[in-house]
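In my numbering, the protein residues as written are 78 to 305.
Beta carbons: idealized from backbone N, C-alpha and C, even for Gly.
In this text the structure is predicted, and so the values were computed from the model without any measurement.
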Amino acid sequence: MDFLNSIPVMDRTALRELKKGIDLSFKDFSRAYGDGIESFFDPLLYFLIWLEKLLVNSPWPLVIGAFALLAWIGSRSIKLVIGTVICFLIIGYFGMWKNCMATVAIISVSTLVCIVVGIPIGVLMSKSSRAEKTILPVLDMMQTIPSFVYLIPIIMLLGIGKVPGLLAVCIYALPPVVRLTNLGIREVDKETLEASEAFGSPPPSSEINQKSGAYSSIGFPPNSNPTN
Numbered sequence: 078m079d080f081l082n083s084i085p086v087m088d089r090t091a092l093r094e095l096k097k098g099i100d101l102s103f104k105d106f107s108r109a110y111g112d113g114i115e116s117f118f119d120p121l122l123y124f125l126i127w128l129e130k131l132l133v134n135s136p137w138p139l140v141i142g143a144f145a146l147l148a149w150i151g152s153r154s155i156k157l158v159i160g161t162v163i164c165f166l167i168i169g170y171f172g173m174w175k176n177c178m179a180t181v182a183i184i185s186v187s188t189l190v191c192i193v194v195g196i197p198i199g200v201l202m203s204k205s206s207r208a209e210k211t212i213l214p215v216l217d218m219m220q221t222i223p224s225f226v227y228l229i230p231i232i233m234l235l236g237i238g239k240v241p242g243l244l245a246v247c248i249y250a251l252p253p254v255v256r257l258t259n260l261g262i263r264e265v266d267k268e269t270l271e272a273s274e275a276f277g278s279p280p281p282s283s284e285i286n287q288k289s290g291a292y293s294s295i296g297f298p299p300n301s302n303p304t305n
C-alpha cells in the first residue's frame, strides 16, 4: 500500500549526480563550441550595432518620417500614421529615444531574420505534407514556451548581450511567419498555378508571383508584390 500512497522518487544522491553530469556536459559543450557559435553570429551582431548607431545618430525628424512612411505603406491608414508619429514624439519627450532606437533595431533585424528563415520553411511545408507534420509540433513547442526560457541556454553559450535577446525574439516570432506562409500558399487555387505554368512561368516563379493571398497572410499589403 505504501507504493500506492507515495510516488517513487529518485534518490537525492543520484539526482545530484545527474545534475552535475548535465552541468559538466553543458560546460564542456560551451568550451568546445562556444567560440565557434559566437563567430557564426558575429555578422548579425555587427549589422545590429550598425543599424542601432544609424538610428540613434540620424536626425529624429528623419527617423520619425521614415517610420511614418512605413506605417502608411503597410496600412494605408492616416490614423495609424498619426498614432505612430505621436508615440515616437512621446518616447523622445520622456528621454527614452536611444532605448527606443535600440529596441527598434533589434525588432527590425529579428523581423528580417524571421522572414528570411521562415518563408522558405513555410514554402517547404506547403509542398510536403510530411514536412508539415514534422515541423508543426516544433512550432507548437516554440510558441508555447515563454521567450525568456530560451534565454537560459543561449546566455550560457553566448553570454549577456544583444545576440541572445535577438535569438530569443526570433525563436518566438518565427512560428507565425512559417504558419502563415504555409497557410497562404495552400489556400491558392490549383487552377491558378496550373494556368500560370501553362503560360510558361516556371514553378518557383509561379508559386511566388501568383500567391497574393500568401502576401496578406504574411503581412504584406494585399496589392503588393515583394518579388518585383
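- Three or more beta-carbon pairs separated by less than 8 Å are not found between the region 155-173 and the region 103-114, which leaves the two stretches without contact.
- The beta carbon of alanine 208 sits closer than 6 Å to those of Leu201, Met202, all from its chain and outside the five residues before and after it, given in chain order.
- Counting the other CB atoms within 10 Å of its CB gives cysteine 191 a total of 16 or more, which places it among the buried residues.
- Per DSSP, reduced to three states, the secondary structure at isoleucine 222 is coil, with no helix or strand assignment.
- Valine 162 is positioned such that its CB atom lies closer than 8 Å to that of alanine 145.
- According to the DSSP assignment, glutamate 264 belongs to no alpha helix (DSSP H), since it is labelled neither H nor E.
- Straight-line spacing of the CA atoms in phenylalanine 225 and alanine 250 works out to 13 Å.
- Cβ-Cβ distances below 6 Å link isoleucine 196 to Thr258 in the same chain, with the five nearest sequence neighbours on each side left out; the list follows chain order.
- Between valine 186 and leucine 243, the C-beta spacing is below 8 Å.
- Beta-carbon to beta-carbon, methionine 219 and isoleucine 248 are separated by about 6 Å, close enough to satisfy the 8 Å threshold.
- Residue environment: alanine 245 is assigned as buried (16 or more neighbouring CB atoms within 10 Å of its CB, all protein chains considered).
- In the structure shown, the three-state DSSP call for arginine 153 is coil.
- Distances from the alpha-carbon of aspartate 112 to those of Met233, Ser83, Ser205 put Met233 closest.
- Between leucine 122 and lysine 204, the C-beta gap is not smaller than 8 Å, which leaves the two residues out of contact.
- Rounded to whole angstroms, the Cβ separation of proline 223 and isoleucine 231 is 14 Å, and the two are not in contact under 8 Å.
- Between the alpha carbons of isoleucine 237 and leucine 228 lies a distance of about 9 Å.
- When Arg263, Leu235, Ile168, Val255 are compared, the shortest CA-CA separation from isoleucine 114 is found for Leu235.
- The residue from Ile84, Ser83, Gly98 with its alpha-carbon nearest to that of threonine 90 is Gly98.
- Collapsing the DSSP output to three states places glycine 236 in coil.
- Under the three-state reduction of DSSP output, methionine 178 falls in the helix class.
- Annotation for glycine 113: the continuous alpha helix (DSSP H) segment containing it runs 89-134.
- Glutamate 129 sits buried, since 16 or more C-beta atoms from the chains shown fall within 10 Å of its C-beta.
- Note that the C-beta distance between isoleucine 262 and glycine 199 is below 8 Å.
- Each of Asn82, Val140, Pro120, Ile155 was checked against the Cα of valine 181, and the nearest Cα belongs to Val140.
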